[in-house]
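Engineer:
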Amino acid sequence: MKKVLLIPIILFFVACSAENSAKYEVNENSEVEFEDALEIPATERATRPAQQQQAPAEEKTRKLIKTGGLDFQSEDIDKDYQKIRALLPKYNAYIEHETQLKDPYRITFDVTIRVPSAVYDTLYSSLTSLAYRVDNRHSNVEDATMKYYDLLARISNKKALEARYVSLLKKASKIKDIMEIEEKLNETRVDIEQLQGQFNYLSKQVSYSTIHLKFYEIIPYEASEYKEDGFGTKLLKAFKSGWEGLLSFLVALAVIWPFILVLVSGIFLFRKLRTRNKQRRE
1 MKKVLLIPII LFFVACSAEN SAKYEVNENS EVEFEDALEI PATERATRPA
51 QQQQAPAEEK TRKLIKTGGL DFQSEDIDKD YQKIRALLPK YNAYIEHETQ
101 LKDPYRITFD VTIRVPSAVY DTLYSSLTSL AYRVDNRHSN VEDATMKYYD
151 LLARISNKKA LEARYVSLLK KASKIKDIME IEEKLNETRV DIEQLQGQFN
201 YLSKQVSYST IHLKFYEIIP YEASEYKEDG FGTKLLKAFK SGWEGLLSFL
251 VALAVIWPFI LVLVSGIFLF RKLRTRNKQR RE
């Protein structure tokens, strides 16, 4: 009878011991997992969502950056400039930067135009039709598809990592863990801001194409502006120059007259003393 009662008691203690051991294992494993989460490099964790969220290459819309340039001669530069200003609103385009240069031989406009990529080719053709003579024209298309979606995926991964750190921060109880999580969270948010800035700039380059426009008008040569002076004009200029020279000489004498007076007095005294010495010797 005693043996029969002893068996349930032994089984009870064994079950309690196993339960405590399991609880200890769970707590220990939770702490290890939490510490491991802090030690996993951000780049390693960031690549996991990328593999899951990355869409097949054939499903991605191509992202192209279009840039072009056009140099041409104008017959009436002011008139053509006004035509260009009137043309841009029709294509929802705008002037980003412009410079006007003028010298004795030509007037030049340097204009940078931003235009929606969908109507880039149409506006480029319209601008070309304004030219009196085209000196240079070029157009370039850069495929930024890979870079565009890479930035998009990296931002998504960083935001997922940010959410993970926020979740860990809510569960953390130790000061050391809280400080480590906050440090990594701040680093992740800085990365997100930098990537977002790059993505915004790239998106703008894709959405709006750029046209560098340079056009000029040659100023006609007028011989009358460069007419050589006649004999009478040259003679008058010579008299005027001589008179101005005489006045300058008189002004110079007025400045140095004290020195001339001292010099003349010295020469006079020297000659007088020399004459006296000769008379005494005789």
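Under UniProt numbering, the first residue of the sequence shown is numbered 1, with each subsequent residue one higher. Every residue gets a Cβ at the ideal spot worked out from N, C-alpha and C, and that includes glycine. Since the model is a prediction, treat every value here as computed from it, not as a measurement.
1. Taking Cβ positions, are L70 and I211 nearer each other than 8 Å?
2. Report the rounded CA-to-CA distance for K158 versus L151, giving the unit in angstroms.
3. Exposed or buried, which one is S167 when buried takes at least 16 other CB atoms within 10 Å?
4. With 16 other CB atoms within 10 Å as the buried threshold, where does K278 fall?
5. Would you identify the three-state DSSP class for P220, choosing helix, strand or coil?
6. Here's a check: name, in chain order, each residue in its chain whose Cβ is nearer than 8 Å to the Cβ of Y208, leaving out the five neighbours to either side.
7. Determine the extent of the beta strand (DSSP E) in which V119 is found, giving its start and end residues.
8. From which residue to which residue does the beta strand (DSSP E) around T67 run?
9. State the DSSP-derived secondary structure class of T128, mapped to helix, strand or coil.
10. Which partner residues of L113 appear in the DSSP bridge assignment?
11. By alpha-carbon positions, which one of Y165, V190, R189, E187 ends up nearest to I178?
12. Going along the chain, which residues of its own chain have a beta-carbon closer than 6 Å to the beta-carbon of G68, five neighbours each way excluded?
13. From the DSSP secondary-structure annotation, give me the bridge partner or partners of E142.
14. Looking only at DSSP bridge pairs, what is R106 linked to?
15. What is the rounded straight-line gap between the Cα of T275 and the Cα of S265?
16. Straight-line CA distance for F109 to Q82?
17. What does the alpha-carbon distance come out to for the pair S203 and V141?
18. Tell me which residues share the same chain as E172 and place their Cβ nearer than 7 Å to its Cβ, disregarding the 5 neighbours each side in the sequence.
19. The alpha helix (DSSP H) spanning K79 covers which residue range?
20. Rounded C-beta distance between L88 and I95? I'm assuming under 8 Å.
21. Skipping 5 residues on each side, what residues in its chain have a beta carbon closer than 8 Å to that of residue 297?
22. Thinking just about the alpha-carbon of each residue, which of L101, W257, D143, L127 is nearest to the one in V206?
23. Using 10 angstroms around the beta-carbon of I84, count the other beta-carbons present and answer buried if the total reaches 16, otherwise exposed.
24. Going by other Cβ atoms of all chains shown within 10 Å of its Cβ, with 16 needed for buried, is Y221 buried or exposed?
25. With distances taken between CB atoms, is the gap from R154 to L185 smaller than 8 Å?
26. Are L213 and V119 close, meaning C-beta to C-beta below 8 Å?
Structural biologist: On the basis of the data shown:
1. Yes, the Cβ-Cβ distance between L70 and I211 is below 8 Å.
2. Cα-Cα distance, rounded: 10 Å.
3. Around the beta carbon of S167, a 10 Å sphere encloses fewer than 16 other beta carbons of the protein chains shown; the residue is thus reported as exposed.
4. With fewer than 16 other CB atoms across the displayed protein chains lying within 10 angstroms of its CB, K278 is exposed.
5. In the structure shown, P220 adopts coil according to DSSP, grouped into three states.
6. Sequence-distant partners of Y208 (beyond 5 residues in either direction) whose C-beta falls short of 8 Å from its own C-beta, in its chain, are R114, V115, P116, S117.
7. Element bounds for V119: n/a, residue is neither H nor E.
8. It spans 64-73 - the beta strand (DSSP E) in which T67 sits, taken as one unbroken run.
9. DSSP, read as helix, strand or coil, puts T128 in helix.
10. The sequence given here places Ile at residue 113; Leu does not occur at that position. Partner(s): I95, I211.
11. Nearest of Y165, V190, R189, E187 to I178, Cα basis: Y165.
12. Y124, S139, I211, listed in sequence order.
13. Bridge partners of E142: I65.
14. BP columns for R106 point to I218.
15. Near 15 Å, if we compare the C-alpha coordinates of S265 and T275.
16. Their backbone Cα atoms lie some 12 Å apart in a straight line.
17. Approximately 15 Å, taken between the alpha carbons.
18. Here residue 172 is Ala; the residue named in the question, Glu, does not match the sequence. Excluding residues within five positions, the ones whose Cβ falls inside 7 Å are I178, I181.
19. Per DSSP, the continuous alpha helix (DSSP H) segment holding K79 begins and ends at 77-87.
20. Contact flag correct, Cβ pair sits at about 7 Å.
21. Because residue 297 is not part of the residues shown, which for the chain are 1 to 282, the question remains open.
22. Restricting attention to L101, W257, D143, L127, the CA atom closest to the CA of V206 is found in D143.
23. With 16 or more other Cβ atoms within 10 Å, it is buried.
24. By the neighbour-count rule (16 or more Cβ atoms within 10 Å), Y221 is not buried but exposed.
25. Not closer than 8 Å, so no.
26. Cβ atoms of L213 and V119: not closer than 8 Å.
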